[in-house]
Structures are given as structure tokens and as C-alpha cells.
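Enquirer:
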Ligand code: PHE
Ligand code: ZN
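Numbering (my numbering), first residue to last: 18 to 883.
(1) If you run the structure through DSSP and keep just helix, strand and coil, what is residue 508?
(2) Can you determine whether any heavy atom of the ligand ZN sits closer than 7 Å to the C-beta of residue 344, and answer yes or no?
(3) Can the beta-carbon of residue 200 be found less than 8 Å from the beta-carbon of residue 181?
(4) DSSP three-state call for residue 377: helix, strand or coil?
(5) If distances are taken between C-alpha atoms only, which option among 119, 121, 141 comes closest to residue 127?
(6) Given a threshold of 16 other Cβ atoms within 10 Å of its Cβ, counted over all protein chains shown, does residue 333 qualify as buried or as exposed?
(7) Report yes if the CB atom of residue 474 is closer than 8 Å to the CB atom of residue 487, and no otherwise.
(8) With burial defined as no fewer than 16 other Cβ atoms inside 10 Å of the residue's Cβ, what is the status of residue 342: buried or exposed?
(9) In whole angstroms, what separates the C-alpha of residue 148 from that of residue 90?
(10) What is the DSSP secondary structure of residue 848, reduced to helix, strand or coil?
(11) Taking 7 Å as the cut-off, is the CB of residue 333 close to at least one heavy atom of the ligand ZN?
(12) Please state whether DSSP places residue 882 in a helix, a strand or coil.
(13) Work out the CA separation of residue 165 and residue 583 for me, nearest whole Å.
(14) Apart from the five residues just before and just after residue 232, which ones in its own chain have a Cβ nearer than 7 Å to its Cβ?
(15) Which residue's Cα is closest to the Cα of residue 429: 265, 329, 484, 481?
(16) Taking C-alpha atoms, which residue in 171, 193, 578, 175 lies nearest to residue 187?
(17) Measuring alpha carbon to alpha carbon, tell me which residue in 792, 419, 863 is nearest residue 535.
(18) For the stretch 76-150, list the alpha helix (DSSP H) runs that are entirely contained and at least 4 residues long, ordered along the chain.
(19) According to DSSP, is residue 49 part of a helix, a strand, or is it coil?
(20) Excluding sequence positions up to five away, which residues of its chain have a Cβ less than 7 Å from the Cβ of residue 818?
(21) Mark residue 19 as exposed unless 16 or more other C-beta atoms lie within 10 angstroms of its C-beta, in which case mark it buried.
(22) So, with DSSP's three-state summary, where would you put residue 676?
(23) Taking the alpha carbon of residue 283 as the point to measure from, which residue in 120, 669, 398 has its own alpha carbon closest?
(24) Can you name the residues that DSSP bridges to residue 284?
(25) Indicate, with yes or no, if the ligand PHE has a heavy atom lying under 7 Å from the CB of residue 240.
(26) Is the beta carbon of residue 168 sitting closer than 8 Å to the one on residue 216?
(27) State whether the stretch 362-377 contacts the stretch 565-585, with contact taken as three or more CB pairs (one from each stretch) at a distance under 8 Å.
(28) In or out: residue 602 buried (at least 16 other Cβ within 10 Å) or exposed?
(29) Under the assumption that residue 882 contacts residue 382 (Cβ atoms under 8 Å), give the Cβ distance between them as a whole number of angstroms.
(30) Helix or strand or just coil, what does DSSP make of residue 593?
(31) Given 8 Å as the limit, is there contact between the stretch 97-113 and the stretch 129-139, that is, 3 or more CB pairs closer than that?
(32) How big is the Cα-Cα spacing for residue 842 and residue 653?
(33) By DSSP, does residue 807 sit in helix, in strand, or in coil?
(34) Kindly list the residues whose CB is nearer than 8 Å to the CB of residue 30, restricted to its own chain and excluding five residues on each side of it in sequence; keep chain order.
(35) In its own chain, which residues sit with a C-beta less than 7 Å from the C-beta of residue 447, not counting the 5 before and 5 after it?
(36) Check whether the Cβ atoms of residue 285 and residue 275 sit closer than 8 Å, and answer yes or no.
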């Protein structure tokens, strides 16, 4: 048999280009939806009031819909008056004003892709960003078509909670067994912000009064058993509402704000207008079942989705190429909010460390793309660290340059000009420039150039002229298929330190000790006069730009900055630079160890949270992201292990003393308490590594008396990693304790999957556990995400095959997840031989085996590399 296969995947899944953008031919003023949910099918009737805006055909988008009926202005359409293609419904000769009514049948009960309307556990919910709405009904499903929605939902009485965006205007029974609600959203919105929910849910209620004096009803919906875990989220919501009023002058606009927690969700959460839908992992929190990290993530995700109400919903994106317009700005806003939850220094450390490990790595591989891509096959593949986190860094650079007051003038202008519109990155830059009176247009290329710029420099001091000359240059990697990169504006925040006193020098008559240099050419020279002695320069303070720094420091100078820098972020950054030299360039660790020995105890006594971060050692995957060829995972591990062992040995006394000084105390959700827990766990890890006689006994005790998950999990990790005699018993105890707490069981899987010496057999066994579930992305990621931190085992034929098999299985079931899992293999081409050839063969084995646009695009990108 001869099967015709199209060799060009992109012909099957066409590439879409930013330059081809065309405004919509028809607008939709109102849409009336009637959604009737039944066990084996759901019927959706939608009525669109449409108006012609431009010449062209009236085309509605639809995917996996069974069309039952279509009407134009109240009469059934004859088959020759419309055309139904695979993903479009074209109304032929449509008048300029018309009412289009369609009726379709869909199957949320079988929808495992988690886009459109689907069933998660026992409830129905929707996910429509970016292109899920077309799986619910025929519609011009694109973000620049804004309409007013009225939604009638009908379901069996076993689903008493029926929610949609906006205000509840009517509810009632339909016969004895069924009921309905009708909701009206007064604001115009794009289809990706539509949401509805049907379930049997408990609700936590509260309220907030806006600065305009308007009361807002706040409601968080979950399964009954989880409702007590919603208080953290509720408080964070109120804090976010107040913060946006105080920092951006933005008040909430609707009468209610609802959040629904669902257990099966591809991402963290979704900002649907007035009806957010959250992954349970981003809304539920309790000391017993959540770590401090996840508790913190709940708060920042609540803030993120709330802030989208202005940056995303009231002002939305013209097209999906502009995704970073809403995501980058909103991440910048949630990061700024999080500064109020922990020290700004630690917040910046955490944001920069995830930027460097995720975004820099992405930008160094075959999936590298600009924050605003100019083409894509599958937009779901572009919810990336680059769009989100580099997008946030670009806004941060502009904010740094403008200063607080002028940045606020700029954002005020953005909201004033564009409220209610679907706009572009240019509209943001234009508003910020005009509102602040500072031209920011030279930042535009940051949005369109891929790759991480490298800033290189030298400093020269001349004692005779008392002049310090700093030479900085930038280089941006050239990526295939992109034009030669142009120099970017790079704000470089610096200070100069006196080597003798350890004090920062005054840089001007106003007593400033810090200044921002604008590097906007390939190479620039900056001169500082009246400098009394050879200074030490601290560069890129607060990580003022998302760049790699390559300054010709002596190791001793970085060690000096570790001790004398005046803010915690810069201390941490100096330590990281030193660590990268040790791990990547084979530098001797002695300067680092000496500095750590004096610095750590000092910091620990005043800021345990910062001290815990000073003990961050770049991960193996981060180190790998900086090695472009001949990468040997075993060699990298052994270098890193040797360093960790040296740290453990050098600070042996500190571990014992500080563990004893950090007793377990009653739980508190404060930055101080979080710091003590984080430091205690970090110390316990190093004590276990140092082989301190009773370390594992202490771990075992900590497990038993733990008052919260952070303590229990931190202890269990050491028992498992160091094969303590009781590690199996404790793992069983953990499992039994939390059997009914899905998020805690995710931690149980994750902990075992991240064991540094886990073998592929152990991982395979974990994935055959009865509680492993391909339908629940959190559970899948608990293994795939954690195992990915173990490159020694991943980069083998069997390890790569594990990811390839999962990607193949998920290709039909949940392509968004399948594509992300395949991305773990993206840097295969950097491996040393024979691994490189072996892993490449595994990747090539997927060719022709996968069909979804998400997985096919990722596979093609992986194959193009190397
Ligand atoms: N827009 C969501 C957010 O960042 C993320 C998301 C994208 C969720 C796509 C689901 C699907 O807040
Ligand atoms: Zn977002």
C-alpha cells in the first residue's frame, strides 16, 4: 500500500506571519450563547450580531464542531449559501449587517486536550486562550474582535454551580432534573477571555471596596474539601486590588470577581474576565500540604491574573504575535507586587535565577525566538520564558530608565489612550514615550531580536590622573533566519567601591553612589574623574538588563563584592559570577570559599532568606545551557559535586551551629519565618552532604516533628537523596498521610523523580504507579519536570526515549503538554559523541509518528538544530 505523506509538515500546519496581519472583515457587537450540557454531549447555540468593517468574506472559525444548523437573519441557510471547510464556516454573500445563528454539538466529556470546554475531575470548565473558543462555537476567534457576551448555561441538577463571566441576571429550573443560569458581561471582550463552569463547588466569599467606592463581591470556588485552603489566595486577591490602585491608579471595573480551581489544567491560571480559572496548584495553599515556594507562587499568580484585568483584558492584544505585550508587562507588575511579600533583593534573585536558567537556556537553543516572534506554526508553543520573562525585563529596563514618576506618567497615558482596544507593542512604547516625555523607541528592537546579548568590558585606573576608564562593548548572537543583529540600548547600573574601606564611592556632588550607564553602541568608553585609588566596579547592579556579563574581573574582586556589596542581590550576583567561573572555566574555588566563610554567617544572622539564596549553586542544566558543544553530563556533574563537597567541608562548623540555632517553631506565613525554614533546609542538605554524624538523624526528627510541608519535604529529601535507613518508611508515611491531597502527592512523585542518582528504571517504575495519570498535567510534570534536572540520566538513549515516548503518547491526548515535554531534549546537539548521535536517533524516531501542530513544530525545530 502506498500512503501519500506530505514531506513538508508546514504545508499541513501552515506558518503564520506577523507581516500578513489583516484587520477583521466583520466585527461582532453581541454574542448570545446557550450552552446545554449533557453527560454524552453538549449543545451550543450562538447568535452573533455582525457588522462589516472591511471588504471580504464572512468567515467563522471552528474546530472539532459538529454543525447542526446555521441561520442568517432568522432563516435556515440552504447548503449552497455557506461553505464548511475543515476549520472554517464561510457565509456566502453575507450582508453588511447580519445575525448569524449556529447550533453545534461538542464533546467536553472526551476532551483531554484541555482547550475549549472540557471536563476536569467532576466539573466542566473552559480554557480559551489562545484559540480554544473555536472549539466551543463558530466565531471570528481572534483577539481583535471584541463583543458583549450573554451566556445561558444549562445542566443537570448534580451541577448546582453554573458560572460565566459578568453578572448573574437570571436562574431557574428546567423540568425536575435540570436548571439554568443566565450571565451578562457588560464589558466588551475578545473570545479568549470567555469562560464558563459547571460543577458542584463550595465557595469562599469576601468583598473589596475600590478607591472609587464600589463594592466588589469576591468568590473562590473549589471542591468542598479544599475550601479552607483558599484563604491565602483570597487575601492575596485583596492585596493585589489595593496594590494596583496605589501603584498604577487602576481600580476594578465589575461587581464581582470569581476564581475557580480545577485540577486538570495545562498552565498556571487564566485571566478570563471576572471569572479566572486556576490550576489548583496556583490557588490552594495550606501549611500542611504546600511548600513555602508554592504558597508564594499562589500569591504571585493571583496577583498576575488580577493585574491582567488592566494589562490584557481592558487593553488586549491585536494579534497573538503581541502576546508579550500583555504577558511581559503583567509579569513585571506581579514581580513588583511580590517585592511587598519578601525582601526586594530576594525577589530579584528569584526572578533573575529563573530568567537565567529558563530564558537564557531557551534563547541559547533551537527554540530561540524574539519576545515578539514574527512567525509561528502553533501559538501554544509561544507561551515561553522569552515571551513572559524577557518581555518583563524589557518593560523593567524602560521603567528603570524613566524612574518611578515618569514611568507612571507613561503607563497612565497607555491606559488613557488604549482602554477598550486591542493594541500592539508599538502602542505601549508610544504611550510610555509620549506620557513620560522620553523617547523609548530605541527599545523596540529588543522585541524583535532573539538571543541573549553579551556585555564585555575592562576597567583601567590611572593613578596619576585619578581617572577610572570603563570600556563596555556588546555583542548579540546572530541566529539563523534573522537579519544581522543591531546594537541594543542596555542600561548598565554600576557602583564603584573603595578597596581599602569596602565603601561605595561618591559618583557626583549630590552624593549618589550609583549610576546607570546607557550602552547603546557596539563599544563605548565611560570615564570617571577624581577617583582616589584603584576601585572595584560593581556592574549590572540589580540585573539592570537581561544580558550575560563578561567582565575581566579578578576572582578576588568578585569575592570582595560578595562581602561588601551593599545590597543582597548584588552580593548574590557576585557569588554567581564566581561560581560560573569555577564551574565553567575551571577556576579554583578558594576565593569563593573564603568569601562564603565570612559572608554567610553574617548574612544568616540578619537575613536567613538571603543566606539561603547565597547557597544557590548553579544547576547542572544551567551549566549545560552555557556549553555549546562536546557537553559531557557526567563530567559536569563531577565538577559540581566536587564544589558542593568542598563547600560542605569548608563550612562544617557553620552547618552544625546554625542548624541548632534554627529550631522548629510554630508556623508563620512571614518572610522571616520563610527565611528560617529555607536556611534550615539548605543547612540540613549541606550537613547531610558533609557526612556530619547525626545529620540524617536530625533529618528524620525534622520529618517527624515538622509543622509544615516545607520542613517535612526538606527533611524527606535528604533521607531519600542520601539513602537513609528509614527513607522507604518515611516515603510510605508521606504517601499515606497525604493520599487524598493531589498536590502533596505531586510533591511525593517530584521528590523521587529529582533524586540525583535516580535511574531510568526507577523513573519508569514511578510512571507506572497507579496514581500516575496522563490526564492530569500536574502529575505528568511532577515526573518529567523533576527528572529533567538529572541530565546524567536524561541524556542516555533510554532517558531520551522516555521523553520521546511521552511526547508521542500525548501528541493526540494533550499536544500542548506533549510539545513541552519534547522541549526537554532541545539541546541534544551540544552533547559529546556518541550521546549526540544516540539522542538524535531517538528524536528522529518521532518523525512521522506525531501529527499535532504543537508537537510537529517542536520536533521540526529540534531536528533543525546542530
Ligand atoms: N494567560 C495565562 C496567564 O499568563 C496563561 C495561559 C495561557 C493559560 C494559555 C492557559 C492557556 O496568565
Ligand atoms: Zn499572564
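We put the CB at the ideal spot given by N, CA and C, even for glycine.
Expert: A quick look at the data gives this:
(1) strand
(2) yes
(3) yes
(4) Here residue 377 sits in helix by DSSP.
(5) Residue 127 has its Cα closest to that of 141, out of 119, 121, 141.
(6) buried
(7) Their beta carbons are under 8 Å apart, which means residue 474 touches residue 487 by this criterion.
(8) buried
(9) 27 Å
(10) strand
(11) Residue 333: no, Cβ never under 7 Å from the ligand ZN.
(12) Note: residue 882 maps to coil in three-state DSSP.
(13) 53 Å
(14) 224, 226
(15) 265
(16) The residue with the shortest Cα to Cα distance from residue 187 is 171.
(17) 419
(18) none
(19) strand
(20) 859
(21) In this prediction, residue 19 scores a pLDDT of 36, lower than 50, which makes its location untrustworthy; the coordinate-derived value is nonetheless stated afterwards. The residue is exposed, with fewer than 16 neighbouring Cβ atoms inside 10 Å.
(22) helix
(23) 398
(24) In the DSSP output, where bridge partners are listed per residue, residue 284 has none listed.
(25) no
(26) No, these two residues do not count as a Cβ contact at 8 Å.
(27) yes
(28) With fewer than 16 other Cβ atoms within 10 Å, it is exposed.
(29) 7 Å
(30) Residue state, collapsed to three classes: helix.
(31) no
(32) Using only the alpha carbons, I get a separation of about 17 Å.
(33) coil
(34) Counting only Cβ-Cβ distances below 8 Å, and skipping sequence neighbours, we find 394, 395, 870, 873, 874.
(35) none
(36) no
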